[in-house]
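Just so it is clear: in the sequence shown, position 139 is 165 by my numbering, and no numbers are missing.
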Amino acid sequence: MESVNLALILAFVGFGILISLSGIGSIMGTAAGAMATVGAVKKRPESFGSFIVLSALPGTQGLYGFAGFFILQEFIGPEISILQGAGILGAGIALGLAGLLSGIYQGKVCASGIDAIGSGNDVFGRTLILAVFPELYAIIAFAALFLIRGIL
């Protein structure tokens, strides 16, 4: 019977959490923007370009999760230690949750801006600025992943 490598199990669970939660945040955030776009484009079709930018913005969280996998994948192998497996799990939870929540809330900010633009208000730039606030915490979690990698 083959022995079970607990460190590898921890690492793969961490990767699953990292990629899936950050991806779900992007899915929900971009969908919120897209749904708002459908209504707003009926009123202001000339603003479709702005709507696309705001709808796509929450997609970055999924990219952070995907990039995080590539940053940490070098530790995957039969010689992985429990510390490394636990570190990957912790990094996966941190960036996964930050990506999930920031993607959802960034999508809500962007959807509100899309609605406002659709109603005739010139708030594209202000919406971009406000949408950076939830994004910042996904960026901080992504930076923390680099720091965790440094101690593994």
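Quick reminder that beta carbons are idealized off the backbone N, C-alpha and C, glycines included.
Close-in-space but distant-in-sequence residues of the same chain around residue i (CB under 7 angstroms, 5 per side omitted)
i      : result
Lys134 : Ala58
Arg152 : none
Met27  : Confidence at Met27 is low in this model, with a pLDDT of 46, below 50, so the placement of that residue should be treated as unreliable; the coordinate-derived value is given next. If we look at Met27 and ignore the five residues flanking it on each side, it has no Cβ neighbours.
Phe168 : Tyr90, Gly94 and Leu121
Val126 : Reading the sequence as shown, one finds Leu at residue 126 and not Val. Cβ neighbours of Leu126 beyond the five flanking positions: Leu47, Ser48, Ile50 and Gly51.
Contacting residues, own chain, Cβ-Cβ under 8 angstroms from residue i (five flanking each side not counted)
i      : result
Ala170 : Ala117, Ala120 and Leu121
Val67  : Ser73, Phe74, Phe77 and Gly144
Val39  : Leu115 and Gly118
N-terminal and C-terminal residue of the alpha helix (DSSP H) that residue i is part of
i      : result
Gly19  : Any question about residue 19 goes unanswered here, given that the chain covers just 27 to 178.
Ser107 : Looking at the DSSP string, Ser107 is not in any alpha helix (DSSP H), and its letter there is neither H nor E.
Gln87  : Thr86 to Leu98
Ser81  : Phe74 to Ala82
Leu171 : Phe150 to Ile177
Contact set for residue i: own chain, Cβ-Cβ below 6 angstroms, skip 5 residues either direction
i      : result
Leu36  : Gly111, Ala112 and Leu115
Ala142 : Val149
Identity of the residue in the options nearest residue i by Cα
i      : options                          : result
Leu80  : Ser138, Phe101 and Ile108        : Ser138
Leu162 : Thr56, Ala124, Phe101 and Ile108 : Ala124
Ile53  : Ile155, Lys69 and Tyr131         : Tyr131
Phe172 : Ile97, Gly146, Phe159 and Gly129 : Ile97
Phe159 : Ile45, Lys69, Gly65 and Leu83    : Leu83
Leu178 : Gly42, Ser107 and Leu32          : Ser107
Ile174 : Gly55, Gly88, Asn147 and Leu109  : Leu109
Short CB-CB distance (under 9 angstroms) between residue i and chain B
i     : result
Phe38 : Protein chain content of the structure displayed is limited to a single chain, and chain B is not contained in it.
> Which ranges would you report for the beta strand (DSSP E) in the segment 123-148 if only whole runs of at least 3 residues count?
Replying inline: none
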